[in-house]
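In my numbering, the protein residues as written are 16 to 73. Yeah, the Cβ is synthetic: ideal placement off N, Cα and C, and Gly gets one too. Source: prediction; values computed, not measured. Report on the structure given below.
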């Protein structure tokens, strides 16, 4: 996150600073992390908000 907020991260985040982490979870490894990232990206906006707020996601 530090690199993104310094403008040295991805171009997408360079113009959308400050970047902050609003959700994280532990996974067993890189493969599991990539699968989970994909699953979260496929969620509806409403489900993502529920996930971040701690509400149960359907």
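Query                                                                                                                                                                             : Result
Is it true that the CB of residue 20 sits closer than 7 Å to the CB of residue 34?                                                                                                : yes
Leaving aside the five residues before and after residue 7 along the sequence, list all residues of the same chain whose C-beta is less than 7 Å from its C-beta, in chain order. : Not covered by the structure: residue 7. The range shown for the chain is 16 to 73.
Taking the C-alpha atoms as reference points, what is the distance between residue 29 and residue 70?                                                                             : 30 Å
Whose C-beta lies closer than 7 Å to the C-beta of residue 24 among residues of the same chain, with five residues either side of it excluded?                                    : 18
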